[in-house]
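Residue numbers (my numbering): 1 to 156.
Where a beta carbon is used, it is the ideal one built from N, C-alpha and C, also for glycine.
Here the structure is a predicted model, which means the values were calculated and not measured.
Structure first, commentary second.
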């Protein structure tokens, strides 16, 4: 009996550690009364019980004032690897991994940090809700946007 429990737990841990493709998007997500945000994030994720690792990340972020065609701020992300924060103890987003992303600073974009929150129990082959928390962008802007994230098996 104990042997079968140990084998079952080993198989469940192995299933968690398998790499997945992740494709996240947000289109015209409102933040406050005057702002809209477009965002993409693509890469792979390896997850464990307590932490996860995002790899080969590429993404874009554009912030618009409502009623204005051109973006107020734009940036991109090219990050090789980032591990989730082991010490993240949220009040609101329980059971989520938190990753600090490093978007490129440029003439229209500078941010203290951008957090990416992904549910620890995401569903494969289905849309999942994740979040970008935008902190102190260009000394004026901040807020949270929802992303639609598709998680696919790596071999697809």
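Ranking 116, 76, 104 by CA distance to the CA of residue 90 puts 116 first. Scanning 67, 87, 121, 59 for the CA closest to the CA of residue 102 turns up 59.
In the structure shown, the three-state DSSP call for residue 126 is coil. With contacts defined by Cβ atoms closer than 9 Å, residue 148 and residue 26 form a contacting pair. With a minimum length of 3 residues, the unbroken runs of beta strand (DSSP E) contained wholly in the region 77-148 fall at 96-101, 111-119, 127-137.
Each residue's CA atom was taken as its position, placing residue 120 and residue 97 some 6 Å apart. Taking C-beta separations shorter than 7 Å and ignoring five residues to either side along the sequence, the partners of residue 65 in its chain run 34, 35, 72, following chain order. In the structure shown, residue 150 adopts extended strand secondary structure according to DSSP, grouped into three states. Between residue 57 and residue 38, the gap from beta carbon to beta carbon reaches 9 Å or more. Residue burial annotation: residue 140 is exposed, with fewer than 16 other C-beta atoms found within 10 angstroms of its C-beta. Of the candidates 28, 67, 32, the residue whose Cα lies closest to the Cα of residue 40 is 28. For residue 61, the closest C-alpha among the options 52, 151, 152, 131 is that of 131. Runs of the beta strand (DSSP E) spanning 3 or more residues and lying entirely within the region 19-88 occur at 19-31, 35-47, 52-65, 73-83, in chain order. A distance below 6 Å between beta-carbons, with the five flanking residues on each side excluded, links residue 23 to the following residues of its chain, in chain order: 42, 150. Residue 75 is positioned such that its CB atom lies closer than 9 Å to that of residue 111.
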